[in-house]
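In the working numbering, the protein residues as written are 151 to 197.
By construction, the Cβ of each residue, glycine as well, lies at the ideal position given by its N, Cα and C atoms.
Structure first, then comments.
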């Protein structure tokens, strides 16, 4: 299985020592993925 993940939102961790939170697009393919590109999405300001 081949895959590509592209994070569109990359948020700080909820508390120190925790991992960053990333949300985006994942593509799974039984065929080789020879190229990929990511277009960032605009995110509303976080309060």
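Here DSSP, grouped into helix, strand and coil, assigns residue 174 to strand. Under the three-state reduction of DSSP, residue 179 is assigned to strand. For residue 185, no pairing in a beta bridge is given by DSSP. For residue 192, the secondary structure class from DSSP, reduced to helix, strand or coil, is coil.
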